[in-house]
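Participant: Order-wise, the sequence lines are chains H and P.
Residue numbers for the first sequence follow the numbering used here, so the first one is 0 and each next one is one higher.
Residue numbers for the second sequence follow the numbering used here, so the first one is 0 and each next one is one higher.
There are 2 protein chains.
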Amino acid sequence: MLLPTEDLVLLHSPTFNGNEWNYVKECIDTGWVSSAGKYVDLFEKKLEEYTGVKRAIATCNGTAALHICLIMAGVNRNDEVLIPALSFVASANAVKYCDAIPHFIDSEEATLGLDLEKLDVYLNDITEIINEECFNKQTRRRIKVVMPMHTFGHPVRMDELLKVAKKYHLVVVEDAAESIGSYYKGTHTGGLGLLSALSFNGNKTITTGGGGAILTNDESLADLAKHITTTAKLPHKWEYNHDRVGYNYRMPNINAALGCAQLEQLPEFLEKKRVLANRYAEAFSNVDGVRFISEPINCKSNYWLNAILLDERYVSELEKILSMTNGSKIMTRPAWTLLNRLTMYSSCPAMDLSIASKIGSGLINIPSSITLAKNI
Amino acid sequence: MLLPTEDLVLLHSPTFNGNEWNYVKECIDTGWVSSAGKYVDLFEKKLEEYTGVKRAIATCNGTAALHICLIMAGVNRNDEVLIPALSFVASANAVKYCDAIPHFIDSEEATLGLDLEKLDVYLNDITEIINEECFNKQTRRRIKVVMPMHTFGHPVRMDELLKVAKKYHLVVVEDAAESIGSYYKGTHTGGLGLLSALSFNGNKTITTGGGGAILTNDESLADLAKHITTTAKLPHKWEYNHDRVGYNYRMPNINAALGCAQLEQLPEFLEKKRVLANRYAEAFSNVDGVRFISEPINCKSNYWLNAILLDERYVSELEKILSMTNGSKIMTRPAWTLLNRLTMYSSCPAMDLSIASKIGSGLINIPSSITLAKNI
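(1) With burial defined as no fewer than 16 other Cβ atoms inside 10 Å of the residue's Cβ, what is the status of residue 251 (chain H): buried or exposed?
(2) Cβ atoms of residue 181 (chain P) and residue 299 (chain P): under 8 Å apart, would you say?
(3) What does residue 213 (chain H) reach in chain P if we use C-beta pairs closer than 8 Å?
(4) So if I threshold CB-CB distances at 8 Å, which residues from the region 234 to 252 of chain P count as touching chain H?
(5) If distances are taken between C-alpha atoms only, which option among H:271, H:266 and H:307 comes closest to residue 285 (chain H)?
(6) With DSSP collapsed to three states, give me the class of residue 0 (chain P).
(7) What residues in the region 95 to 106 of chain H bring their beta carbon closer than 9 Å to a beta carbon of chain P?
(8) Start and end of the beta strand (DSSP E) containing residue 143 (chain P)?
(9) Looking at the structure shown, is residue 166 (chain P) part of a helix, part of a strand, or coil, going by DSSP?
(10) Say whether chain H places a C-beta atom closer than 8 Å to the C-beta of residue 52 (chain P).
(11) Can you check whether the C-beta of residue 3 (chain P) is within less than 8 Å of a C-beta belonging to chain H?
(12) If we ignore side chains and look at the alpha-carbon of each, how far apart do residue 226 (chain H) and residue 324 (chain H) end up?
(13) Going straight from the alpha carbon of residue 275 (chain P) to that of residue 75 (chain H), what length do you get?
(14) Below 7 Å on C-beta distance, what does residue 15 (chain P) contact in chain H?
(15) Excluding sequence positions up to five away, which residues of its chain have a Cβ less than 6 Å from the Cβ of residue 160 (chain P)?
(16) Just the Cα atoms here: how many angstroms apart are residue 40 (chain P) and residue 358 (chain H)?
(17) Helix, strand or coil for residue 222 (chain P)? Go by DSSP, reduced to three states.
(18) Touching or not, the region 118 to 133 of chain H and the region 209 to 226 of chain H, by the rule of three or more beta carbon pairs under 8 Å?
(19) Just tell me which of H:230, H:256, H:237 and H:236 has its CA closest to the CA of residue 245 (chain H).
(20) In the DSSP assignment, find the unbroken beta strand (DSSP E) run with residue 149 (chain P) in it and report its ends.
(21) Please name the residues in the region 134 to 158 of chain H whose beta-carbon is closer than 9 Å to at least one beta-carbon of chain P, in chain order.
(22) Does residue 211 (chain P) come out as helix, strand or coil in the three-state DSSP assignment?
(23) Is there a Cβ of chain P sitting closer than 8 Å to that of residue 0 (chain H), yes or no?
(24) Could you tell me which residues DSSP puts in a beta bridge with residue 182 (chain H)?
(25) Who are residue 103 (chain P)'s beta bridge partners in DSSP?
(26) Find the residues of chain H that neighbour residue 24 (chain P), judging by a C-beta separation of less than 9 Å, and give them in chain order.
(27) Mapping DSSP to helix, strand and coil, what is residue 366 (chain P)?
(28) Alpha carbon to alpha carbon, how far is residue 340 (chain H) from residue 145 (chain H)?
(29) Measuring alpha carbon to alpha carbon, tell me which residue in H:58, H:78 and H:303 is nearest residue 133 (chain H).
(30) Using a C-beta cutoff of 8 Å, does residue 71 (chain H) count as contacting chain P?
(31) Look at the alpha carbon of residue 62 (chain P) and the alpha carbon of residue 92 (chain P), and state the distance between them as a whole number of angstroms.
(32) What is the C-beta distance between residue 242 (chain P) and residue 233 (chain P), in whole angstroms, given that I count them as a contact (C-beta under 8 Å)?
(33) With a threshold of 8 Å between beta-carbons, can residue 88 (chain H) be considered close to chain B, or not?
(34) Return the first residue and the last residue of the beta strand (DSSP E) that residue 32 (chain H) is part of.
(35) With a threshold of 16 other CB atoms inside 10 Å of the CB of residue 1 (chain P), please say whether the residue is buried or exposed.
Written out as structure tokens, the structure is:
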């Protein structure tokens, strides 16, 4: 294969082939670019219809959505939140914003998500249940939430996760930042936790420039989420009164306009991403020591970021592969540095992370833009 | 005067008469709508040129900018931050996000900003300086920052403020969210504090949909601000490594594109706002018991939101005036509920707030969109 030298092949670039111009221009023409305007409401409604989750609340980004989900899940200062060590830093930061402590959990090779059997054994060992609350016997802190993350769009085994959560009295917040368009046994990711967070950052399957959303089937939590993300201002025609510490986390109308247009194209995007993923799967099927990450059983993945996993025999080649591909203007990247290895989280509690570590040393994300499906 | 019944006269609506559509269309055409792209850099450069402050860092909104300013000013958990009770809730929330405590200060009628002489007397009474740090003798907490806010675009008396700050070893963070285009003795607001925050919310003088910026003349603080607002990711071609708790506070490129176009029109907007303010000043000059708020001596105000102040004899009429004007589709609003009166801040320390209270009971903001200057 000849490597392109003229153009950079990005890891994930957005496509704007739909009504983006029309909707954004309408915002500018009417002057409704900010917090008020019809596109925020419309985007939320379309997200509800698409995901099948009762309520969606648009936010300025996915990190903001995660932060609010954790607040509403009842996370307090010094609580622990179980999150995968193999995740983007926003997962841990959102916990930290609540003055709570991330507690790092191992992943499994099949889904790249939490290993639920290992988690069960671990929690059975280190926790005790007091008055239907879970406490870490080692740190004496309450463990309030488990936050699975659907890595690169591949759903976590939610049946098993819900069982573990129930057994240990944990609230489930789904980090669905990467998984719009991904389904677990027919349910859209984010639809099984009490709350979940989506992201529409520029590198995601669909984008609003910067943006995210909170999903929940609980109407009163949804109302509260809207309230907290819009400075907790009490409704009044002219008075400025706020009843709790709130956040300026709402999505501007101009970004929501972009989102409405993108959402219209999502089914088409997903089809193309599947074509590309199938092509990758086929191409790598005969390559010794390389496994292409395919969607888990009973799941439909959005294939947001395609990934390959090098066999342990070849992990020493990882840096060379990254260097060669990026040097040839084909963007690739390794897994995120495991969160427990980042300076600010290195003293947080963590279980044995051998599989996450193994995945981390062998994983490579490869170009996944839908434009790449054009010539297949 | 006949009141319009067909159209709503908004308090402040944006105007898009420039290159908004060209720049935003370019973002959509090129696919650069998100965190990377030329408009964020350009917007920051143009802000630096316009304000004369060395460095500007664009953020997703003004609240985010305030939050980061306070972190970088060295505010730690349980520190106190001096802020006006007469301000928007974001001032207090930003303090709270640092796990610090807002300490409410009185305002003065002339500028609607902090009363510096009263503040000096108060601090002299309640504080002691230990090792060049200021401590509240009553609460035993450190007072780290004073954060003046340039109310409705009218500059605080910065010479006096800087004197008080120096005397009590306080870091100055300017809340310039409302004052782009306002000058104190020839210096743009935000240029005299160690750090300052601007806002480009939809109701501001210029807008990016949602947006803000941090200003500082300190190069190393500016670099740090950029780092913290972009998840504290260390620069590397493919690795994801972060060296501290960071935030997802960057401004998306599509919003910055809007901002670049708006900034080009700012001088024209300011002229029109001045024409409107002068017309209001003239109209109210003969109205008994009503004072139109004019720019302070030696200052140039942007007249973001025009305001009148009812004489004490007439404050009982405030609700009636608000009700009548809003009922006639002319949007008006009172001052914000004083921050010390909001449930979540009611137990925070506060000095005597009699003037803020007086202003709060008599102030009315009146329509200030530049389109209103058209027919003058």
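Glycine is no exception: its CB is placed at the ideal position from the N, C-alpha and C atoms.
Facilitator: Taking the coordinates as given:
(1) So residue 251 (chain H) counts as buried.
(2) The Cβ-Cβ distance between residue 299 (chain P) and residue 181 (chain P) falls below 8 Å.
(3) What residue 213 (chain H) touches in chain P: nothing, since even the nearest Cβ is about 15 Å away.
(4) Listed by position, the residues of the region 234 to 252 of chain P near chain H (Cβ gap below 8 Å) are 236, 237, 238, 239, 240, 241, 242, 243, 244, 245, 246, 247, 249, 250, 251 and 252.
(5) Comparing alpha carbon positions, the residue from H:271, H:266 and H:307 closest to residue 285 (chain H) is H:307.
(6) Bear in mind that a pLDDT of 33 at residue 0 (chain P), under 50, signals an unreliable position, so the number given afterwards is only what the model happens to contain. When DSSP states are grouped into helix, strand and coil, residue 0 (chain P) belongs to the coil group.
(7) Taking 9 Å as the Cβ-Cβ cut-off against chain P, the residues of the region 95 to 106 of chain H that qualify are 95, 96 and 98.
(8) First-last of the beta strand (DSSP E) with residue 143 (chain P): 141 to 145.
(9) Secondary structure of residue 166 (chain P) (DSSP, three-state): helix.
(10) Interface with chain H (8 Å Cβ-Cβ cutoff): residue 52 (chain P) is excluded.
(11) The predicted position of residue 3 (chain P) is uncertain, since its pLDDT is 38 and thus under 50; a value taken from the coordinates is nonetheless stated next. Residue-level contact by beta carbon fails for residue 3 (chain P) and chain H, as no gap is shorter than 8 Å.
(12) Residue 226 (chain H) and residue 324 (chain H) have their C-alpha atoms some 46 Å from each other.
(13) Each residue's Cα considered, the two are about 49 Å apart.
(14) What residue 15 (chain P) touches in chain H: 27 and 30.
(15) Correct list, in chain order: 115 and 147.
(16) Using only the alpha carbons, I get a separation of about 36 Å.
(17) Three-state DSSP puts residue 222 (chain P) in a helix.
(18) Put simply, the region 118 to 133 of chain H does not touch the region 209 to 226 of chain H. Fewer than three CB pairs are less than 8 Å apart.
(19) Distance from the Cα of residue 245 (chain H) is smallest, within the candidate group H:230, H:256, H:237 and H:236, for H:230.
(20) Unbroken run through residue 149 (chain P): none, as it is neither H nor E.
(21) Of all residues in the region 134 to 158 of chain H, none has a C-beta nearer than 9 Å to a C-beta of chain P.
(22) Here residue 211 (chain P) sits in strand by DSSP.
(23) Confidence at residue 0 (chain H) is low in this model, with a pLDDT of 33, below 50, so the placement of that residue should be treated as unreliable; the coordinate-derived value is given next. Closer than 8 Å: no.
(24) The partner list for residue 182 (chain H) (beta bridge, DSSP) reads H:187 and H:299.
(25) In the DSSP output, where bridge partners are listed per residue, residue 103 (chain P) has P:82 and P:349.
(26) In chain order: 20, 23 and 24.
(27) In the structure shown, residue 366 (chain P) sits in coil (DSSP, three-state: anything other than H, G, I, E or B).
(28) Residue 340 (chain H) and residue 145 (chain H): Cα-Cα distance of roughly 20 Å.
(29) Comparing Cα-Cα distances from residue 133 (chain H) to each of H:58, H:78 and H:303, the minimum goes to H:78.
(30) Interface annotation, residue 71 (chain H): not in contact with chain P, CB-CB separation never under 8 Å.
(31) Their Cα atoms are separated by approximately 8 Å.
(32) Going by Cβ atoms, the distance from residue 242 (chain P) to residue 233 (chain P) rounds to 6 Å, so yes, they are a contact pair.
(33) Protein chains H and P are contained in the structure displayed, whereas chain B is not.
(34) Note, residue 32 (chain H): premise wrong, no beta strand (DSSP E); not H, not E.
(35) For residue 1 (chain P), the predicted structure reports a pLDDT of 36, less than 50, and the residue's modelled location is therefore unreliable. A value from the coordinates is still provided. Here residue 1 (chain P) is exposed. Its C-beta has fewer than 16 other C-beta atoms within 10 Å.
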